[in-house]
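If you're matching positions, the sequence shown starts at 317 in our numbering and goes up one per residue.
Here's the structure, in structure tokens; my notes come after.
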Amino acid sequence: MPNFHGSDDEPKNWKSQWEILELLQQRLNPGARSLETGCGYSTVVAAEAGADHVTVTPSADEQVRVRAFCDGHGINHGNVKFAIGPSCEMLPTLDGELDLVYIDGAHGFPHPCVDWMYTEARLAVGGALLVDDIRIPSCRMLHEFLMEEPNWKLDRYIGDTSIFTKTAQGNNSADWMHQGINRTYPDFRFLPKMQRMKQDARHAAERVARATGLTKPIKRMLGMK
């Protein structure tokens, strides 16, 4: 099996799961518009499918290896374009509607979320979004955010990759209070247990006070101004 990653001295093979590659083979075809952050077997599958595909990777060596593999196996890679550089720098320079986005690039925080931020508006309604390695907390943060958003539908899991369908355009200019992930506001879990209990009780009292019109008397009772 080819090793597309790492250095010439230490080649590595970080291939996608076989079921993911099969999914890409099913979803991509000539004329399909796709983008991935990361590079490797998935890039070869996109090339073989004839998709108009963009691969964003910081490694120019990966481009050379993938193209050489395709040449050696009679795979036309003319529709595959490489954007060489960190995704946070390259994605803002790209445009055009997409049918599929595969987020499998840098996994350190906040890169998975940044990759989504620069591609979500480009993904067509009905398009597929794949979020890889959600067993990694920095990747799962994006997954958990999407699970709370009304315009994203979780279709299934393949291993530790979640596959979403975009059901409507989102409104990222909306206030944070309208985002599902913030529905538990105020969330005092960052506080030590006793302080958290005190803050939760205070907030509950304020909520009751607003509902009953007793704001001022209850604030005085709690020593609040």
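The beta carbon of each residue, even a glycine, is placed where N, CA and C say it ideally should be.
Keep in mind that this is a model prediction, so the values were computed, not measured.
Next item on the list: Have a look at Glu338 and Leu462 and give me their C-alpha separation to the nearest angstrom.
Entry: Those two C-alpha atoms are separated by around 24 Å.
Check: Within this structure, are the beta carbons of Leu410 and Ala440 separated by less than 8 Å?
Finding: no
Checklist line | Outcome for Trp468 when other beta-carbon atoms lying within 10 angstroms are tallied against a minimum of 16 | finding: buried
Note to self: Which same chain residues end up closer than 6 Å to Ser332 when comparing Cβ atoms and leaving out the 5 residues on each side of it in sequence?
What the structure shows: Tyr357 and Ser358
Next item on the list: Have a look at Cys455 and Val417 and give me their C-alpha separation to the nearest angstrom.
Entry: 15 Å
Notebook entry, point to check: What is the DSSP secondary structure of Thr483, reduced to helix, strand or coil?
Noted result: coil
Next item on the list: Report yes if the CB atom of Gly412 is closer than 8 Å to the CB atom of Arg349, and no otherwise.
Entry: yes
Note to self: My assumption, with CB atoms under 8 Å, is that Ala399 sits in contact with Val370. Please give the rounded CB distance.
What the structure shows: Contact between Ala399 and Val370 is confirmed by a C-beta separation of about 6 Å, below the 8 Å threshold.
Next item on the list: For His519, collect the residues of the same chain with a Cβ closer than 7 Å to its Cβ; drop the 5 residues on either side in sequence, then sort them by chain order.
Entry: Closer than 7 Å at the Cβ level, and outside the excluded window around His519, lie Pro502.
Checklist line | Inter-residue CB distance, Ile419 and Asp448 (contact presumed, cutoff 8 Å) | finding: 6 Å
Next item on the list: Would you check if the distance between the CB atom of Ile452 and the CB atom of His423 is smaller than 8 Å?
Entry: yes
Checklist line | Boundaries (first-last residue) of the alpha helix (DSSP H) holding Trp334 | finding: Trp334 to Arg343
Margin query: Assuming contact is defined by CB atoms lying nearer than 8 Å, are Val382 and Val360 in contact in what I supplied?
Written below: yes
Notebook entry, point to check: Which of the three DSSP states, helix, strand or coil, is assigned to Glu378?
Noted result: Glu378: helix per DSSP, three-state reduction.
Next item on the list: Over the uninterrupted beta strand (DSSP E) stretch that includes Arg349, give me the two end residues.
Entry: Start and end: Arg349 to Thr353.
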